[in-house]
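Colleague: Below: one structure in structure tokens.
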Amino acid sequence: MELETIRSYDWGIMAPELIILGAATILSLADLLMPKKASRRYLAIFAFLGVACALVALFMQLDNGVISILADTYRFDSFSKAFKLLFLIGTGLILLLAFDDRKGERDEYRGEFYYLLLTALLGAMMMASSADMITLFVGLELLSLSSYIMAGLRKRDRQSNEAAFKYVVNGGISTAITLFGMSYIFGLTGETNLYAIQNALGDPTILQNQFLLVFAFLITFVGLSFKIATVPFQMWAPDVYHGAPIPVTAFLSVVSKAAGFVIMIRFLLVTFIAAPGVAEKPLLQEVQPYLAILAGASMIIGNLIALRQRNIKRMFAYSSIAQAGYILVPFAVISGLMFEAVWFYLLAYLFMNIGVFAIIQLVTAKSGSTDISSFAGLYRRSPWIAVCMTIFVLSLAGFPATAGFIGKFGIFMSALSTGAHYWLAGIMIATTVVSYFYYFNVIGQMFFRSEEEAGKVSIPGGVLTVTAVCVISTLVLGILPHTALEFFYNQFDLSQFFTPTK
Amino acid sequence: MSSLPLPVFLVLALILFCIGLFGALTKRNAVIVLISIELMLNAVNINLVAFSKYGPNPGITGQIFSLFTITVAAAEAAVGLAILFALYRNRRTVNVNEMDQLKR
């Protein structure tokens, strides 16, 4: 490639990624040059500024159409815009959380945390705008490798070590499985560009190898289900969420999960949209029952096991498995409402789950234990915190007038819209009812138990901001959902997503 | 050598992948588990290179993809070993069965 071609690219469209990359580089250098004893806490502010600048850069490009550079490997379209927005907001909130998460000086975050968080974000953003299998894979691994280290950040903490090791082993296996599937997809088509693969899979000669194609689809899907923590790759979630520091847990359960959905939608839908199945139906329709079973199993397993958890972090880990199961429903039924349902639910989930973890961080730091009893009598100690937690938990449970309700309603409608998926919608309703038991257990602890320990829980500024933003967004999205949906309709164009750039 | 047909390579890769998966899921020694994951990743490389040379639609991108896979696999092994070191310093064990602090 000559210098001229490189220069002719419209590098401006990569501005959000380049800002994040620059911020991560500067942070790593600053961390290196700072005196050993100096507090690394203020690096968080710089990282937050980087994320804010990237957000501004992204907003300035909202009007751009589809642009692709770097030999069509990097693609800027409405899909990538919509999801990069989620990643940036989520990471910004998590940085504010981390700013206040201190258990004494010794446990204070080391500088690594901030730039690893940014590189993880960079990986997620690259995944959102890749149009090539290789860049998708590199983005996925950038996200994964950064999160492995973040999970083990407290290196003298045995639980953190163990969580990180379990995460690495599970992640390594899932990466290998994903890649194995990708290698067959490459083998059948001879291409790595997603749109070229789409084209090649629409070719009738592929019919000789349809079985291999279905195998490749399913094995890739299974590998990718690790990132979103659904069946069959859900077992790492409780252990890792439990052992990792709370801001990292929030990152894994929100941003990393959203990135998992992004790669699933981007990769599997774009490449397989025209692929023929084993019988007459197209492949995506043929695999629907299997995907629906996986979504159903995630909802059932997540919600049932959450019932008997005493540890609050583990409970919300299982809850996040169940939530991922809900989000998988529109993907499994592949309806026209899929994109808005997934996007809106991920947005709602982002606010409510980060809010929950912000309050868990406050309360568990105060009591020093992650048992659910540390929430006992919270209402009498700190009424406002208890009220905020109630809003988040009601939203996760899907109560009306919260964002979770609108999101769940959208998913429910998409499950019904294509027909023949009534049983999946039924499982969704039934498991939602089951989830009330453990969500209300948290509320019951806060309002009806007498406190085990006295003392108000004080809110530091960062967590206060996060909680306020999350409460307001949860309520606004619940009462006026069209504010977000209108933005989405204005920005999103379905036909853009499936057609290559001219 | 060029007379070997594609399925031979694919079956080799599949066997290697299955050995790796079996090892990763059953072995007690954490180092062996990490090695097994490397086996699985290398099975992918065999697949990619074989497809890019003898596949129905041969193309050079497969070999490029395998270069990326090798690099990332090395990074993953490095991170995995570093985490195992940290764990070993605290626990004095590499036995996977003894990593049970998080069951409660």
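Taken in sequence, the protein lines are chains A and B. 431 is the number that our numbering gives to position 447 of the first sequence; each next residue is one higher, with no gaps. In short: position in the second sequence from 1, add 552, done, that's our numbering. Where is the CB? At the ideal position from N, CA and C, for every residue including glycine. Note that the coordinates shown come from a computational prediction; the quantities given were computed from them, not determined experimentally.
Express the C-alpha separation of M109(A) and E1(A) in angstroms, rounding to a whole number.
Modeller: For E1(A) and M109(A), the distance between alpha carbons rounds to 7 Å.
Colleague: Nearest chain B C-beta to F195(A) closer than 8 Å, yes or no?
Modeller: So, not an interface residue.
Colleague: Give the residues from the region 625 to 636 of chain B that approach chain A closer than 7 Å (Cβ to any Cβ), ordered along the chain.
Modeller: Those would be A627, E628, V631, G632, I635 and L636, in chain order.
Colleague: Quick one: what does DSSP say F53(A) is sitting in, helix, strand or coil?
Modeller: Here residue 53(A) turns out to be Ile, not Phe, going by the sequence shown. Residue state, collapsed to three classes: strand.
Colleague: Determine, using beta carbons only, whether P484(A) comes closer than 8 Å to chain B.
Modeller: No, P484(A) does not count as interfacial toward chain B.
Colleague: Looking only at C-alpha atoms, which of G462(A), S366(A) and S23(A) sits nearest to M336(A)?
Modeller: It is G462(A) whose Cα lies nearest to the Cα of M336(A).
Colleague: When the distance is taken between beta carbons, is L102(A) closer than 8 Å to A22(A)?
Modeller: Against a cut-off of 8 Å, the Cβ pair of L102(A) and A22(A) comes out as no contact.
Colleague: Taking C-beta pairs closer than 7 Å, name the residues in chain A that L600(B) reaches, listed in chain order.
Modeller: Residues of chain A passing the Cβ test: S167 and F170.
Colleague: Given a threshold of 16 other Cβ atoms within 10 Å of its Cβ, counted over all protein chains shown, does S52(A) qualify as buried or as exposed?
Modeller: By the neighbour-count rule (16 or more Cβ atoms within 10 Å), S52(A) is buried.
Colleague: With three or more C-beta pairs closer than 8 Å as the rule, is the region 272 to 289 of chain A touching the region 399 to 412 of chain A?
Modeller: These segments touch.
Colleague: Output the distance between the C-alpha atoms of A234(A) and Y333(A), rounded to the nearest integer angstrom.
Modeller: A234(A) and Y333(A): Cα-Cα distance of roughly 11 Å.
Colleague: What's the gap between the Cα of F569(B) and the Cα of K265(A)?
Modeller: If you take the alpha carbons of F569(B) and K265(A), they lie about 31 Å apart.
Colleague: Could you confirm whether any beta carbon from chain A is found closer than 8 Å to the beta carbon of G575(B)?
Modeller: No, its Cβ sits nowhere closer than 8 Å to a Cβ of chain A.
Colleague: Using CA coordinates, which residue listed in G320(A), P229(A) and A360(A) is at the minimum distance from R298(A)?
Modeller: Minimum Cα distance to R298(A) is reached at P229(A).
Colleague: Relative to the C-alpha of S483(A), which residue among L39(A), V50(A), M(-2)(A) and E(-14)(A) is closest?
Modeller: Note that residue 483(A) corresponds to Thr in the displayed sequence, not to Ser. Of the listed residues, the one whose Cα sits closest to T483(A) is V50(A).
Colleague: Tell me whether A(-1)(A), by its Cβ, gets closer than 7 Å to a heavy atom of the ligand FAD.
Modeller: Among the components of this structure there are no ligands whatsoever, and the ligand FAD is therefore not found.
Colleague: Spell out whether any CB of chain A is found under 8 Å from the CB atom of V563(B).
Modeller: Chain A, which has no Cβ nearer than 8 Å to the Cβ of V563(B), makes this no.
Colleague: Go through its chain and collect everything with a Cβ distance to A394(A)'s Cβ below 6 Å, but skip five positions before and after it.
Modeller: It should be noted that the sequence gives Gly, not Ala, for residue 394(A). Once the five neighbours on either side are set aside, the close Cβ partners of G394(A) are A325 and F328.
Colleague: Can you tell me the Cβ-Cβ gap for A160(A) and L593(B), rounded? I've got them flagged as a contact below 8 Å.
Modeller: Correct: roughly 5 Å between the Cβ atoms.
Colleague: Going by the CB atoms, is the gap between F43(A) and L79(A) shorter than 8 Å?
Modeller: Contact: no.
Colleague: Within 8 Å of any Cβ in chain B, is that where the Cβ of E89(A) sits?
Modeller: Low confidence applies here, because E89(A) scores a pLDDT of 44, under 50, leaving its location unreliable; read the following figure in that light. False, the Cβ-Cβ gap to chain B never drops below 8 Å.
Colleague: Under three-state DSSP, which class holds F323(A)?
Modeller: Reduced to three states, the DSSP call for F323(A) is helix.
Colleague: Please go through the same chain and pick out, in chain order, the residues whose beta-carbon is closer than 8 Å to the beta-carbon of S144(A), but skip the five residues on each side of it.
Modeller: Correct list, in chain order: A135, G136, L137, R138, G227, A228 and P229.
Colleague: Taking contact to mean 3 or more Cβ pairs, one atom from each stretch, closer than 8 Å, check whether the region 618 to 627 of chain B and the region 191 to 210 of chain A are in contact.
Modeller: Not touching, per the Cβ criterion.
Colleague: Verify the CB distance criterion: does V585(B) have a CB-CB separation below 8 Å to chain A?
Modeller: Yes, V585(B) lies at the interface with chain A (some Cβ there is under 8 Å from its Cβ).
Colleague: Rounded to a whole number of angstroms, what is the C-alpha to C-alpha distance between A342(A) and V450(A)?
Modeller: Using only the alpha carbons, I get a separation of about 7 Å.
Colleague: Terminal residues of the continuous alpha helix (DSSP H) containing R(-9)(A)?
Modeller: Element bounds for R(-9)(A): L(-13) to S(-8).
Colleague: Hey, could you find the ends of the beta strand (DSSP E) R59(A) is sitting in?
Modeller: From DSSP, the beta strand (DSSP E) with R59(A) extends over Y58 to F60.
Colleague: Taking DSSP as the reference, what is the three-state secondary structure of D84(A)?
Modeller: Of the three classes helix, strand and coil, the one that applies to D84(A) here is helix, per DSSP.
Colleague: Would you check if the distance between the CB atom of F83(A) and the CB atom of A28(A) is smaller than 8 Å?
Modeller: In this structure, A28(A) lies closer than 8 Å to F83(A) by Cβ.
Colleague: Is there contact between the region 381 to 393 of chain A and the region 365 to 373 of chain A, where contact requires at least three CB pairs shorter than 8 Å?
Modeller: Taking 8 Å as the limit for Cβ pairs, the verdict is that the region 365 to 373 of chain A does not touch the region 381 to 393 of chain A.
Colleague: By Cβ distance, which residues of its chain are closer than 6 Å to T416(A), with the 5 residues on each side in sequence left out?
Modeller: G382.
Colleague: Return helix, strand or coil for P266(A), following the three-state DSSP convention.
Modeller: The answer is strand: DSSP assigns P266(A) an E or B state.
Colleague: Could you tell me the distance, in whole angstroms, from the CA atom of L321(A) to the CA atom of L197(A)?
Modeller: Cα to Cα, the separation comes out at about 26 Å.
Colleague: In three-state terms, what does DSSP make of N295(A)?
Modeller: N295(A) falls in the strand class under three-state DSSP.
Colleague: Note the first and the last residue of the continuous alpha helix (DSSP H) segment covering F476(A).
Modeller: Taken as a continuous stretch (DSSP letters only), F476(A) belongs to no alpha helix (DSSP H), as it is neither H nor E.
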